[in-house]
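The next block holds one structure in the form of structure tokens; read it before the comments.
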Amino acid sequence: MSLDLQTVRRVASLARLHLEEGEDQRLQAELNGILGWIEQLQAVDTSDVEPLSGAGGTAMPMREDVVNDGGRAEAVLANAPDRAGDFFAVPKVVE
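Shown next as structure tokens:
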């Protein structure tokens, strides 16, 4: 399938696109290229391919849900301006 200039201008009008002089020919080439790719995809034999409704049937790998501190307290607090043990020390806000 190939689009002529009149069809390209009609599509641009429906899409509310303002085309400058000569842009319609560039757009015609791009749209015809896209339609060519679609024709290539339609040529692929998919008769033995089962349709998919999504990846919902696949189980995601799960990790054990364990609460921990990450074991990186020293690395996290290395640049802290003030610390109290393994915690950030902050100035008192409410008196």
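Each residue of the sequence shown is one higher than the one before, starting from 1080 at the first, in this note's numbering.
Don't be surprised by glycine CBs; every beta carbon is placed ideally from N, CA and C.
Just so we're clear, the structure is a prediction, and the values are computed from it rather than from any experiment.
Flag this pair as yes or no: are the beta carbons of L1098 and A1108 separated by less than 7 Å?
L1098 is not a Cβ neighbour of A1108, given a cutoff of 7 Å.
Taking a contact to mean a Cβ-Cβ separation below 7 Å, would you say L1082 touches D1103 in this structure?
In this structure, D1103 does not lie closer than 7 Å to L1082 by Cβ.
Distance check for T1137 and P1191, CA to CA, integer angstroms please.
Nothing about residue 1191 can be read from this structure; the chain reaches only from 1080 to 1174.
To the nearest angstrom, how far is it from the Cα of A1152 to the Cα of A1168?
14 Å
Along the chain, which unbroken stretches of the alpha helix (DSSP H) at least 4 residues long are found entirely within the segment 1080-1138?
1084-1093 and 1102-1121
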